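So the structure is just underneath, and the comments pick up after that.
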């Protein structure tokens with residue numbers, strides 16, 4: 019076997035080291051891409067979870083508000099129905115109302131009550 023000169027051996031070893039480093043770098047980049055894809059997938063899953071939870075909370079809040087609004091509407095409709103009929107006024111209320119009308123008339127006309 020022929021022995022190669024030391025310079026050739028060193029050059030071959032240098033090239034082999036560069037090729038190995040390049041291969042390691044490619045492997046590291048590939049691993050980083052996989053890790054990045056996993057991070058992105060986890061982030062998307064977390065975002066979906068947050069979105070779903072937010073939608074559920076909004077739905078529950080809307081349902082509560084709709085229930086309160088429906089109850090308030092029903093109460094107002096009931097009150098409006100009661101107020102549609104004739105209103106009974108006692109004599110004391112009529113006297114207070116007449117006095118208030120006289121005072122207002124006097125105030126508006128500059129006269130005395």
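Residue numbers (our numbering): 19 to 131.
For glycine and all other residues, C-beta sits at the position ideal for the given N, C-alpha and C.
Predicted model, so just to flag it, every value in this text is computed and none were measured.
Expressed to the nearest angstrom, what Euclidean distance is found between the alpha-carbon atoms of residue 95 and residue 85?
In a straight line, the C-alpha of residue 95 is about 15 Å away from that of residue 85.
ask   = Residue range of the alpha helix (DSSP H) that residue 22 falls in?
value = For residue 22, no alpha helix (DSSP H) segment is defined, and its DSSP state is neither H nor E.
Nearest-angstrom Cα separation, counted from residue 38 out to residue 51
Straight across, the Cα-Cα distance linking residue 51 with residue 38 is about 20 Å.
**Asked** From what residue to what residue does the alpha helix (DSSP H) around residue 109 run?
**Response** First-last of the alpha helix (DSSP H) with residue 109: 109-127.
Return the CA-CA distance between residue 70 and residue 80, expressed in angstroms with no decimal places.
Residue 70 and residue 80 have their C-alpha atoms spaced approximately 15 Å apart.
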